[in-house]
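For the sequence shown, this note's numbering assigns the number 12 to the initial residue and increments by one for each residue that follows.
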Amino acid sequence: MHLKRLIVGGLERVFEIKRKYTDGLTILYAARQLLYSKRTAWIPTIVREDTAWTKINFTGKVVPTTIDAVSYPVRTVYFDGEANWTGVYGVTGSFEGWFSDDDARIPIKAKMKLYLGSADIELTAWKRPGWSPPKATDQ
């Protein structure tokens with residue numbers, strides 16, 4: 012596959028792509044697919060005109076997580092990783108994520124590093140008919 016980009020002055024630059032890469036959005040889908048794999052995945056990632064790797068440790072660990080959108084702890088599956096690239100708003104470095112522990116695997120919470128510090132992101136609303144974040148049970 013070839014990726015072409017028009018450079019200022021009418022010059023064209025061609026990038027040869029020899030493997031499948033993910034971008035910022037598709038890496039989210041890859042994480043959902045691999046959530047229960049209990050392995051470390053090195054995911055080829057394309058960021059702007061560059062290629063890099065994203066390391067994600069899929070622990071398979073089910074943990075209760077709190078968010079403001081619901082009054083109960085949510086049953087989630089935890090993972091963490093390392094973005095060996097810098098993306099929009101300076102997203103880079105280590106990150107953590109919690110997806111719902113159900114067939115939907117909805118992103119519930121995330122922590123990541125940015126240029127200006129760090130960001131905590133959490134689910135605030137959803138429109139999926141019939142779905143609510145699964146309740147964590149006492150163990």
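Note that CB positions come from ideal geometry on N, CA and C, so glycine has one too.
Rounded to the nearest angstrom, what separates T103 and R139 at their Cα positions?
As a position in the sequence shown, residue 103 is number 92, starting the count at 1. As a position in the sequence shown, residue 139 is number 128, starting the count at 1. Using only the alpha carbons, I get a separation of about 30 Å.
For a quick check, are the C-beta atoms of G92 and F106 less than 9 Å apart?
Taking the sequence shown and counting its residues from 1, one reaches residue 92 at position 81. Taking the sequence shown and counting its residues from 1, one reaches residue 106 at position 95. Contact flag set, yes.
So which of G141, P55, R50 has the shortest CA-CA distance to A115?
For this step, residue 115 is matched to residue 104 along the sequence shown. Closest option to A115, Cα to Cα, is G141.
Among L45, P75, R59, the one whose alpha carbon lies nearest that of K66
As a first step, residue 66 must be located in the sequence shown, where it is residue number 55. Here the closest residue by C-alpha is L45.
Tell me the DSSP secondary structure of R86 in three-state form.
Here residue 86 refers to the residue found at position 75 of the sequence shown. Here R86 sits in strand by DSSP.
Could you check which residue in S48, V85, W64, N68 has the C-alpha nearest to that of V74?
Counting from 1 along the sequence shown, the entry for residue 74 is found at position 63. Of the listed residues, the one whose Cα sits closest to V74 is V85.
Please state whether DSSP places A121 in a helix, a strand or coil.
Indexing the sequence shown from 1 puts residue 121 at position 110. In this structure, A121 counts as strand in the three-state DSSP scheme.
Using DSSP bridges, identify the partner residues of D91.
One-based indexing of the sequence shown puts residue 91 at position 80. Paired residue(s): N68, E107.
Roughly how many angstroms lie between the CA atoms of A136 and T77, to the nearest whole one?
Here the question's residue 136 lines up with position 125 in the sequence shown. Here the question's residue 77 lines up with position 66 in the sequence shown. Their backbone Cα atoms lie some 14 Å apart in a straight line.
Could you pull the DSSP bridge partners for K138 from this structure?
If you number the sequence shown from 1, residue 138 lands on position 127. Per DSSP, none; premise fails for K138.
For a quick check, are the C-beta atoms of E133 and K146 less than 9 Å apart?
Counting from one through the sequence shown, the residue named residue 133 turns up at place 122. Counting from one through the sequence shown, the residue named residue 146 turns up at place 135. No, the pair does not count as a contact, with Cβ atoms beyond the cut-off.
Buried or exposed for D61, going by 16 or more other Cβ atoms inside 10 Å?
Taking the sequence shown and counting its residues from 1, one reaches residue 61 at position 50. Exposed, by the Cβ-count rule.
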